[in-house]
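Now the structure itself:
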């Protein structure tokens, strides 16, 4: 593929989305990002969507559907907030400590989920249903079903939430790490081999169990990060979600995952997830600008319709190309 | 000689596995009665609660077995139930006609299912993603209607005397029995059921045998739509009001119920129509037993953890005959 085609393919969707949203904002007399706070939210939301999308794609691309992502994010952030509060009492460095603990607890929860999957050898979708119920139950028990607020409301967390460069640094670090891990290490090569031909890969000696376990650990660590970012953004954690109430977190990642996968054809899928997250964040900022005109229900509908329309295009690309191909004389 | 023993052992195991869901249901029923008696509560009242909770789940899940037997997955059925019930209530309040309300409920439920199946089969969108999008759209529209017409908390309702004559065990058992028998017949004694199981077990082979995948996918979704319609109607008969959280957990509980009833999530020839009925009531019984035993607010978390562990244990035991060298996907 020519370099120019690669560049155009990579940047086409983000540019088109930016243009459409800017025109809509101009017509409505609104500004997509009105001030510094708006920009902080924009970068934070980009980080949340990008990391959730990467976490979702790690297992989903290997045919392992994981419902427990949301519950992992919530439980790891609750545990991290409680431990940080015990150690630092909301003092200096609380945000960094909670971030580290969040990643650590997330990785442990991911490992537990993966260990359950590889030891029981039952379909991952089923394991994840059980794990979701367990993690939600633990969260509810730890928090007594209440919001966790005191532990995440301190000057350190406020400073983190009020500066766009902290989430920007996280975006860069996560993106670089994920590209390195999945594209430049033996783990990544094995992952791709198992992804494209599980039976052949196993028969050639690739060890599937450690690879799957590491995928779950990465997934958990990423969701720990998402849990932390969500806590910093909203200044609280909902500890009362039961009966699959936490799975909504992952649904925001479906559209960016498919858009990112499409962009990835021209460059790199992780870069695609980042660009798709930027698009989603711009859309979210536009919704915020038009919050008086577009209700939360309408936003959900628009997001779902966009997902369906994009998937219709994606899954019928060949047919559409044939339909619009100029007829030769 | 040795292979005969292996076959014999396999068959014995399989027989035990087949009986296990029924055994679990009887055991849970006995345990439930014992716990209610020990607590000194009225058994007849609690049995009525179990029946009313269980019947909606069992009816919707019975219809959903047709989708799951194809190896597909639908998490929008709860949102469909809510949407159908919402439009049913709106219709009654506008026309004061019960037959028209019933007609609208079934029309909407089947229409939503058909839309999902068309998107999945005609536009080749992955079924799961279609149902995620449908779930978002349907619950958002229903929430919008409910909030606009009755308030988020109070919801919308029909006069209780309209459905009061139908709110009795006899009518509900008759509805459940009729629907279940129809599904049982279609699933086990017609080519629809046989072909759906074939498609779920080996879609490539089924396609090469000349079976039209789209046709059977649409039939499966229509059957599920009828189940959703019945579920929405029975929900209104039991509680003649609809709020944004009505039937919210049904979508995921169906998966748990079907698996609890001994059916594999991958569908195929091991799909059983009774799984939904047996699993649905077992799951409701288990949840209520745990709620009674752990009788406090925080206890909800603990009871969910215990329910999840039981769920995983049941799945592990029922799948013991089908372990492969590779990790399942």
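Chains as they are written, first to last, in our numbering: chain X, 1 to 329; chain E, 1001 to 1329. Here a beta-carbon is modelled for each residue, glycine too, at the ideal position from N, C-alpha and C.
query	result
Using the C-alpha atoms, what's the distance from residue 225/X back to residue 168/X?	13 Å
Quick one, are the C-beta atoms of residue 1112/E and residue 1080/E less than 8 Å apart?	yes
DSSP three-state call for residue 71/X: helix, strand or coil?	helix
Does any residue of chain E have a CB that is nearer than 8 Å to the CB of residue 315/X?	yes
Using a Cβ cut-off of 9 Å, which residues of the stretch 97-128 of chain X contact any Cβ in chain E, in chain order?	116, 117, 118, 120, 121, 122, 123, 124, 125, 126 and 127
If you follow the alpha helix (DSSP H) that residue 1021/E is in, where does it begin and where does it stop?	1002-1039
If you draw a straight line from the alpha carbon of residue 292/X to that of residue 27/X, how long is it in whole angstroms?	15 Å
Quick check: the stretch 296-303 of chain X against the stretch 1137-1144 of chain E, are at least 3 beta-carbon pairs closer than 8 Å?	yes
Counting only beta-carbon separations shorter than 8 Å, does residue 195/X have a partner in chain E?	no
Given a limit of 7 Å on CB to CB distance, which residues of the stretch 258-291 of chain X reach chain E?	none
Less than 8 Å separating the beta-carbons of residue 1269/E and residue 1158/E?	no
Does the stretch 265-280 of chain X come within contact of the stretch 210-226 of chain X, defined as at least 3 CB pairs closer than 8 Å?	no
If we ignore side chains and look at the alpha-carbon of each, how far apart do residue 255/X and residue 305/X end up?	10 Å
Name the two residues that bound the continuous alpha helix (DSSP H) containing residue 1264/E.	Here residue 1264/E belongs to no alpha helix (DSSP H), and DSSP marks it neither H nor E.
What is the DSSP secondary structure of residue 1242/E, reduced to helix, strand or coil?	strand
Apply the 10 Å Cβ neighbour rule to residue 1271/E and answer buried if 16 or more other Cβ atoms are within range, or exposed otherwise.	buried
Checking contacts by CB at 8 Å: is residue 331/X closer than that to chain E?	A question about residue 331/X goes unanswered here, because the residues of chain X that appear run from 1 up to 329.
Please name the residue in 59/X, 137/X, 209/X and 81/X whose C-alpha comes closest to that of residue 1294/E.	137/X
Check whether the stretch 1090-1097 of chain E and the stretch 1211-1219 of chain E touch, using three or more Cβ-Cβ pairs below 8 Å as the test.	no
Quick check: the stretch 1125-1135 of chain E against the stretch 311-327 of chain X, are there 3 or more CB pairs under 8 Å?	yes
Nearest by alpha-carbon distance to residue 1073/E: which of 1207/E, 1107/E, 1254/E and 1149/E is it?	1254/E
Measure the C-alpha to C-alpha separation of residue 322/X and residue 307/X and round it to an integer number of angstroms.	23 Å
From which residue to which residue does the alpha helix (DSSP H) around residue 1196/E run?	1191-1201
Exposed or buried, what is residue 173/X when buried is set at 16 or more other beta-carbons lying within 10 Å of its beta-carbon?	exposed
Give me, in chain order, the residues of the same chain whose beta-carbon lies closer than 6 Å to that of residue 1186/E; leave out the 5 immediate sequence neighbours on both sides.	1192 and 1193
Quick one: using the 10 Å Cβ neighbour count with 16 as the cut-off for buried, is residue 282/X buried or exposed?	buried
Hey, could you find the ends of the alpha helix (DSSP H) residue 1291/E is sitting in?	1274-1293
I need the boundaries of the alpha helix (DSSP H) containing residue 265/X, first residue and last residue.	Counting along the chain, residue 265/X falls outside any alpha helix (DSSP H), and DSSP gives it neither H nor E.
Is the distance from the Cβ of residue 1231/E to the Cβ of residue 1060/E below 8 Å?	yes
Please list the segments of the alpha helix (DSSP H) lying wholly inside the stretch 1041-1096 of chain E, counting only runs of 4 or more residues, in order along the chain.	1043-1069 and 1077-1095
Rank 1114/E, 1226/E, 1102/E and 1205/E by C-alpha distance to the C-alpha of residue 1166/E and give the top, closest one.	1102/E
Within 10 angstroms of the Cβ of residue 93/X, are there 16 or more other Cβ atoms? Answer buried if so, exposed if not.	exposed
In terms of DSSP beta bridges, what is residue 1253/E paired with?	Residue 1253/E pairs with nothing; no bridge assigned.
So, helix, strand or coil for residue 1141/E, using DSSP?	helix
In the DSSP assignment, find the unbroken alpha helix (DSSP H) run with residue 186/X in it and report its ends.	186-196
What is the rounded straight-line gap between the Cα of residue 1054/E and the Cα of residue 246/X?	23 Å
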